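Everything in the sequence shown is counted per full-length UniProt numbering, starting at 1 for the first residue and increasing by one.
Quick notes on the structure that follows.
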Amino acid sequence: MSNTSHYGYRELPGSGKEPLPGARRIAPVAHDETIEVSLYLKDPAGKELEQNLQEQIQGRATRLTREEYARVHSARPEDITKIEHFARQHNLIVTEIDPVSRRVVLSGTVSAFNSAFQTELYHYEYEDTTYRGRTGPLMVPHELAQTVESVLGLDDRPQANYHLRFYDPAIARPNAGAASYDPRTLAQLYNFPSDLNGQGEAIAIIELGGGYNTSDITTYFQQLNIAVPQVTSVSVDGANNAPTGDPNSADGEVELDIEVAGAIAPGAHIVVYFAPNTDRGFVDAITTAIHDTTNRPSVISISWGSAEDQWTDQSRQTMDQAFQAAASLGVTVCAAAGDSGSSDGATDGQAHVDFPAADPYVMGCGGTRLEASGQQITSEVVWNEGASSATGGGVSEKFALPSWQANANVPPSANPSKFVGRGVPDVSGDADPQTGYKVRVDGQDMVIGGTSAVAPLWAGLLALLNQRLGQSAGFLNATLYQNYQGLQQNNAFHDITQGNNGAYSAGSGWDACSGLGSPNGSNLINELYTLLHKQQVTP
Numbered sequence: 001m002s003n004t005s006h007y008g009y010r011e012l013p014g015s016g017k018e019p020l021p022g023a024r025r026i027a028p029v030a031h032d033e034t035i036e037v038s039l040y041l042k043d044p045a046g047k048e049l050e051q052n053l054q055e056q057i058q059g060r061a062t063r064l065t066r067e068e069y070a071r072v073h074s075a076r077p078e079d080i081t082k083i084e085h086f087a088r089q090h091n092l093i094v095t096e097i098d099p100v101s102r103r104v105v106l107s108g109t110v111s112a113f114n115s116a117f118q119t120e121l122y123h124y125e126y127e128d129t130t131y132r133g134r135t136g137p138l139m140v141p142h143e144l145a146q147t148v149e150s151v152l153g154l155d156d157r158p159q160a161n162y163h164l165r166f167y168d169p170a171i172a173r174p175n176a177g178a179a180s181y182d183p184r185t186l187a188q189l190y191n192f193p194s195d196l197n198g199q200g201e202a203i204a205i206i207e208l209g210g211g212y213n214t215s216d217i218t219t220y221f222q223q224l225n226i227a228v229p230q231v232t233s234v235s236v237d238g239a240n241n242a243p244t245g246d247p248n249s250a251d252g253e254v255e256l257d258i259e260v261a262g263a264i265a266p267g268a269h270i271v272v273y274f275a276p277n278t279d280r281g282f283v284d285a286i287t288t289a290i291h292d293t294t295n296r297p298s299v300i301s302i303s304w305g306s307a308e309d310q311w312t313d314q315s316r317q318t319m320d321q322a323f324q325a326a327a328s329l330g331v332t333v334c335a336a337a338g339d340s341g342s343s344d345g346a347t348d349g350q351a352h353v354d355f356p357a358a359d360p361y362v363m364g365c366g367g368t369r370l371e372a373s374g375q376q377i378t379s380e381v382v383w384n385e386g387a388s389s390a391t392g393g394g395v396s397e398k399f400a401l402p403s404w405q406a407n408a409n410v411p412p413s414a415n416p417s418k419f420v421g422r423g424v425p426d427v428s429g430d431a432d433p434q435t436g437y438k439v440r441v442d443g444q445d446m447v448i449g450g451t452s453a454v455a456p457l458w459a460g461l462l463a464l465l466n467q468r469l470g471q472s473a474g475f476l477n478a479t480l481y482q483n484y485q486g487l488q489q490n491n492a493f494h495d496i497t498q499g500n501n502g503a504y505s506a507g508s509g510w511d512a513c514s515g516l517g518s519p520n521g522s523n524l525i526n527e528l529y530t531l532l533h534k535q536q537v538t539p
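This is the structure in structure tokens:
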């Protein structure tokens with residue numbers, strides 16, 4: 001801890017950190033090392049955005065235009081001035097100001113940041129990596145206590161995992177009749193419309209490592225006889241498209257996401273946002289994509305995450321506010337529900353849900369095992385090859401049960417708390433690597449599964465929906481749940497009723513393994529087209 005007195009400072013709520021379990025503290029970070037940190041400022045409109053979203057769900061308000069959002073929810077000039085004054089006092093430099101996302105980026109020495117936020121940064125050794133970390137809460141001056149929402153980037157530990165699993169013939173079930181599929185074949189099995197291609201839409205893909213090779217993308221789509229989609233990379237916090245050459249690295253995630261989304265919606269513009277795998281990088285990538293007025297994505301696909309309790313309250317809350325902004329602007333967010341069953345990879349014997357899929361303003365995407373004969377699905381059950389290779393899902397202990405999920409029969413948490421919170425996932429799709437996706441990574445053709453594939457699958461489908469609508473569908477969770485009975489009567493979903501992910505079992509209707517089910521694409525789009533055109537704003 002810095003020797004500077006805490007006098008005149010106040011603890012920043014939700015900022016407390018502890019070392020990763022098993023991490024070893026090595027030495028203080030050199031005080032003259034220069035780092036960057038993102039400060040997110042509080043919404044000057046308070047809870048107004050959340051209230052507006054509830055009114056949208058009830059049909060009493062329309063989504064906000066970007067101009068309306070900026071006018072009401074941007075950082076106030078006087079709050080930015082406070083941050084600039086604070087930075088000067090502590091020998092920090094303001095390098096970026098984005099009023100709409102309420103982000104201010106500061107640069108300076110570790111010594112200056114230690115003093116500014118009353119902390120001490122150390123190097124930690126954890127497994128096969130090292131990270132810069134801190135312990136305890138951060139402190140901010142009293143005059144900033146009502147201005148600063150979060151301070152991200154002092155600690156740069158890895159925040160998320162990519163949610164894919166590689167096909168392993170050693171664990172293939174004998175005589176199971178399983179096969180792998182290219183995304184185009186899955187689109188046919190799921191009855192995706194053949195007369196839509198996502199033209200005019202942009203799909204954002206969030207990546208926290210790895211990269212793609214243009215030659216892989218070109219070859220892959222040429223082999224499928226699909227037009228090669230336009231792919232653009234966007235750098236966030238200094239990260240770039242940086243393929244490693246190792247197909248078993250994060251390259252597998254990046255190319256899987258692009259190839260699945262692009263095969264489903266080849267007419268869409270695929271925009272890949274590369275950011276460091278830290279809480280700062282993840283949040284900055286999300287806010288950059290949401291408020292990107294150049295590429296203007298209507299759908300965001302996220303295949304990275306970690307158990308919701310692995311996030312600080314401040315970073316989780318800042319991310320949640322970003323997702324509220326997305327919902328208010330009509331941007332749909334799809335996120336993988338995890339690949340380690342109901343534990344989400346935790347070793348404490350408890351059930352955990354993955355974040356950001358657990359956020360109420362995100363469409364959580366779970367996984368199934370799909371088998372087919374010809375053009376017909378013959379079997380679709382919950383994906384579960386064991387605790388380390390199974391769909392995530394469960395009940396959040398950080399987010400309350402949303403009003404629109406009240407009739408979904410979300411069970412109490414499997415943990416002793418028995419908390420009835422937000423149920424995850426919302427939807428599902430093929431994810432078992434034994435029935436996985438044929439992709440091309442670093443010059444090699446391979447098969448990959450995991451809920452990582454389901455997020456871009458659904459993102460591609462929603463791009464087709466948006467093309468049909470002539471506008472973005474936006475936040476869909478409430479519409480899907482509130483109209484589920486009618487959607488199911490019209491075969492918009494395949495209800496997954498068999499299997500489990502450890503602590504939770506599938507059943508009729510929504511369940512904490514497969515959500516509402518996998519898509520019957522054309523039926524779902526037709527039903528949503530009708531529903532979304534019927535929704536009228538009432539006084």
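Just so it is clear, CB atoms sit at the ideal spot from N, CA and C, and this is done for glycine as well.
Here the structure is a predicted model, which is why all the values come from computation and not from measurement.
Using CA coordinates, which residue listed in the options is at the minimum distance from residue i?
i, options, result
"Ala250", "Thr232, Leu208, Gly238", "Leu208"
"Arg25", "Ile80, Val410, Arg157", "Arg157"
"Lys534", "Lys17, Tyr9, Gly59, Gly515", "Gly59"
"Val104", "Val110, Asn114, Leu92, Thr378", "Leu92"
"Tyr181", "Ala463, Val439, Ala455", "Val439"
"Trp383", "Ala431, Ala265, His31, Val110", "Ala431"
"Ser301", "Leu457, Thr278, Val441", "Leu457"
"Thr62", "Ser472, Thr530, Val231, Tyr481", "Ser472"
"Arg66", "Asp445, Gly245, Ala327, Ala455", "Ala327"
"Ala87", "Leu64, Thr34, Gln350, Phe113", "Phe113"
Going by the beta-carbon positions, is the gap between residue i and residue j smaller than 8 Å?
i, j, result
"Ala70", "Arg102", "no"
"Ala322", "Ala357", "no"
"Arg369", "Thr435", "yes"
"Ala160", "Trp304", "yes"
"Pro193", "Ala263", "no"
"Gly281", "Val236", "yes"
"Ala346", "Ala307", "yes"
"Val424", "Ala325", "no"
"Val441", "Glu255", "yes"
"His31", "Ser107", "no"
"Gln392", "Asp313", "As written in the sequence, residue 392 is Gly, which differs from the Gln given in the question. No, the pair does not count as a contact, with Cβ atoms beyond the cut-off."
"Ser342", "Gly507", "no"
"Pro137", "Ala204", "no"
"Arg132", "Gly449", "no"
State the Cα-Cα distance for the pair residue i and residue j, rounded to the nearest angstrom.
i, j, result
"Gln89", "Ile83", "10 Å"
"Val29", "Leu121", "6 Å"
"Ile97", "Leu39", "10 Å"
"Phe399", "Asp359", "7 Å"
"Ala390", "His352", "13 Å"
"Gln485", "Pro19", "47 Å"
"Glu127", "Ile226", "42 Å"
"Ala406", "Glu55", "17 Å"
"Asn500", "Gly515", "12 Å"
"Leu401", "Thr288", "28 Å"
"Leu189", "Ile525", "15 Å"
"Gly474", "Asn483", "16 Å"
"Ala408", "Leu329", "26 Å"
"Ile290", "Ile258", "18 Å"
"Ala145", "Asn191", "52 Å"
"Pro99", "Ile80", "8 Å"
"Gly14", "Ile377", "47 Å"
"Gln222", "Pro141", "58 Å"
"Val37", "Glu527", "45 Å"
"Val537", "Ala459", "Bear in mind that the predicted position of Val537 carries a pLDDT of just 47, short of 50, making it too unreliable to give a figure here."
"Pro174", "Ser373", "Here Pro174 scores only 45 on pLDDT, less than 50, and its place in the model should not be relied on; the value that follows carries that caveat. The straight-line gap from Cα to Cα measures roughly 17 Å."
"Asn3", "Lys17", "Only weak support is given to the placement of Asn3: the predicted model assigns it a pLDDT of 38, under 50, and the question is left unresolved by the model."
"Val260", "Asn52", "34 Å"
"Leu487", "Tyr9", "54 Å"
"Arg462", "Glu11", "Residue identity check: residue 462 is Leu in the sequence provided, not Arg. If you take the alpha carbons of Leu462 and Glu11, they lie about 42 Å apart."
"Val333", "Tyr481", "16 Å"
"Val420", "Gly443", "46 Å"
So residue i packs on residue j, CB below 8 Å; how close in whole Å?
i, j, result
"Val271", "Val331", "With a Cβ gap of about 12 Å, Val271 and Val331 do not count as contacting."
"Cys366", "Ala387", "The question names Cys, but residue 366 is Gly in the sequence shown. Contact doesn't hold; Cβ gap of about 16 Å is too wide."
"Gly394", "Tyr504", "6 Å"
When every heavy atom of the ligand GDP is checked, does at least one fall within less than 7 Å of the C-beta of residue i?
i, result
"Ala116", "By its list of ligands, the structure shown contains no ligand whatsoever, and the ligand GDP lies outside what it can speak to."
Inset, instruction - Assess, as a yes-or-no matter, whether the region 514-521 is touched by the region 488-495 under the definition of 3 or more beta carbon pairs within less than 8 Å. - result: The region 488-495 vs the region 514-521: in contact.
Legend entry - Touch test, the region 311-325 against the region 144-155, Cβ-Cβ under 8 Å, three pairs minimum: Touching, per the Cβ criterion.
Inset, instruction - Check whether the region 188-208 touches the region 455-473, taking contact to mean three or more Cβ pairs, one atom from each stretch, closer than 8 Å. - result: Yes, the region 188-208 touches the region 455-473.
Inset, instruction - Inspect the CB distances between the region 206-220 and the region 250-265 and report whether three or more fall short of 8 Å. - result: Contact between the region 206-220 and the region 250-265 is established, with three or more Cβ pairs separated by less than 8 Å.
Inset, instruction - Count the CB pairs spanning the region 235-244 and the region 256-275 that are closer than 8 Å, and state whether there are at least three. - result: Judged by Cβ distances under 8 Å, the region 235-244 makes contact with the region 256-275, as three or more pairs qualify.
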